[in-house]
Amino acid sequence: MMSANLPTDDLAAIVHYALETTRATMVCPFHEEVVIRVGDDAAESHAFERAKRIVRSDGETWPSDALRVEFGRQLGTAEDGRCPECDRHDPHD
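For the sequence shown, position 69 (counting from the first letter as 1) is numbered 53 according to my numbering, and the numbering increases by one without interruption.
1) May I ask you to list the residues that DSSP assigns as paired with Asp64?
2) Give every residue of the same chain whose Cβ lies closer than 6 Å to the Cβ of Met(-15), excluding the five residues on either side of it in the sequence, and list them in chain order.
3) Hey, how far is the Cα of Leu51 from the Cα of Ser29?
4) For Glu54, collect the residues of the same chain with a Cβ closer than 7 Å to its Cβ; drop the 5 residues on either side in sequence, then sort them by chain order.
5) Count the other C-beta atoms from every protein chain shown that fall within 10 angstroms of the C-beta of Val39, then say buried if there are 16 or more, exposed otherwise.
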């Protein structure tokens, strides 16, 4: 299932969509600016396969090299496993 509002010519949006819909990443429910990397290798592989199949407006798919770079960038900037903002405000620490 693909969102009708997905901008298929925006590589960053395609990768974000693929990562989030396969649950490889998630946005913190309390801090929408924080993306959390779940750490599921199978979900990340599934996300890559999903992104490879999304067709741009010119009828072509995204080159695998471009996808790899963008996946690396987004996964590299995501927080590992937990939201640091939530941890910072946890009253149990």
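Backbone N, C-alpha and C fix where the C-beta goes; we use that ideal spot for every residue, glycine too.
Walking through what the data contain:
1) Arg21
2) Only weak support exists for where Met(-15) lies, its pLDDT of 46 falling under 50; the coordinates are left without a value.
3) 12 Å
4) Leu(-5), Ala(-4) and Val(-1)
5) exposed
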